[in-house]
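Single-structure report; data block below.
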Amino acid sequence: MKVSYISLSEHRCTIQFYGCNFRCKACFAPNNGAYTEVTPEQLAARLKQFDVAEVMLAGGEPTLYKKELLTFIKLCDTRTILSTNGFLLDSEFIRGMEYANLDEVHIDLKAYSHELHVRYTGHTNQRVLAAIKLLNTSELRFEVATVFIPDFIDNNEIERIAKFLSGIDDTIKYRIIRYVPVDRISRRPTEEEINGAVAIAGKNLCHVISSLEVRSHPLKSMRLYTILP
Ligand code: SF4
Numbered sequence: 000m001k002v003s004y005i006s007l008s009e010h011r012c013t014i015q016f017y018g019c020n021f022r023c024k025a026c027f028a029p030n031n032g033a034y035t036e037v038t039p040e041q042l043a044a045r046l047k048q049f050d051v052a053e054v055m056l057a058g059g060e061p062t063l064y065k066k067e068l069l070t071f072i073k074l075c076d077t078r079t080i081l082s083t084n085g086f087l088l089d090s091e092f093i094r095g096m097e098y099a100n101l102d103e104v105h106i107d108l109k110a111y112s113h114e115l116h117v118r119y120t121g122h123t124n125q126r127v128l129a130a131i132k133l134l135n136t137s138e139l140r141f142e143v144a145t146v147f148i149p150d151f152i153d154n155n156e157i158e159r160i161a162k163f164l165s166g167i168d169d170t171i172k173y174r175i176i177r178y179v180p181v182d183r184i185s186r187r188p189t190e191e192e193i194n195g196a197v198a199i200a201g202k203n204l205c206h207v208i209s210s211l212e213v214r215s216h217p218l219k220s221m222r223l224y225t226i227l228p
């Protein structure tokens, strides 16, 4: 599997996998051909050198490497969270993650409106919506997240998403993430806008939080080849 780099914060090691099947307008992931090829065994062995409480599998899109990912999760004896755009989550892979004892899934729902999702990511959201329903019938803990982007994916869309999720189960955890301008599609939302979106989603869902409440800053990032033998 291809890894761009790893980041360390106080409690967490985040592995940034290289490549993605989406083309989001506000993507922050590097797509510059700089990655290290690594086996799940190499990755698990090298991560043991970091004394962290948690490993986050992020990207890019980690599920591009489904088979290797399941092997890595089985080998990893640290709490492990998968962060995914959800497009490649099917029932077989979800069963595999249950069997591998994955601790948690964070799945993005970028937009509920089909046209908006296609405009933002280049793909339909039908498989993501189906994946959320599948996760809800699985043994896996999961939360859904949306990036709040002013005048693009904002209160109207947040309300649609909250209604969709509450139609499945109003106890689904939902996180609203504050957009960080890495491009020119919008501005940084104010704290009031984020809190307002949380309140709107909270009319339909029991557990809504935002990225304002949980902030984790990387202490250090490194290319994986620097820790390989
Ligand atoms: S899903 Fe994430 S990594 Fe993939 S294009 Fe969108 S923002 Fe970038």
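Using numbering that gives the first Met the number 0, read the sequence shown as starting at 0 and increasing by one per residue. The beta-carbon is built from N, C-alpha and C at its ideal position, and this holds for glycine as well.
Between Thr-70 and Ile-184, what straight-line distance do the alpha-carbon atoms span, to the nearest angstrom?
38 Å
Nearest-angstrom Cα distance between Tyr-4 and Phe-16?
7 Å
Grab the span of the beta strand (DSSP E) containing Tyr-4 for me, first residue to last.
1 to 7
Put Phe-92 into one of helix, strand or coil per three-state DSSP.
helix
Per DSSP, what kind of secondary structure is Leu-81 in: helix, strand or coil?
strand
Determine, using beta carbons only, whether Leu-46 and Cys-75 come nearer to each other than 8 Å.
yes
Between Asn-154 and Ser-8, what straight-line distance do the alpha-carbon atoms span, to the nearest angstrom?
31 Å
Please report the straight-line C-alpha distance between Tyr-34 and Glu-91, rounded to a whole angstrom.
28 Å
Counting along the chain, where does the alpha helix (DSSP H) carrying Tyr-119 start and finish?
113 to 120
How would you call Lys-109, buried or exposed, if buried means at least 16 neighbouring beta carbons within 10 angstroms?
buried
CA nearest to the CA of Phe-27, picked from Ser-137, Asn-203, Pro-180:
Pro-180
Under 8 Å between C-beta atoms of Thr-83 and Phe-21:
no
Compute every distance between the C-beta of Phe-21 and the non-hydrogen atoms of the ligand SF4, then say whether any falls below 7 Å.
yes
Contact between the stretch 152 to 168 and the stretch 51 to 62: three or more CB pairs below 8 Å?
no
May I ask you to check if the CB of Gly-59 is nearer than 7 Å to at least one heavy atom of the ligand SF4?
yes
According to DSSP, simplified to helix, strand and coil, what is Gln-48?
coil
Stretch pair the stretch 95 to 110 + the stretch 128 to 143: three plus CB contacts closer than 8 Å:
yes
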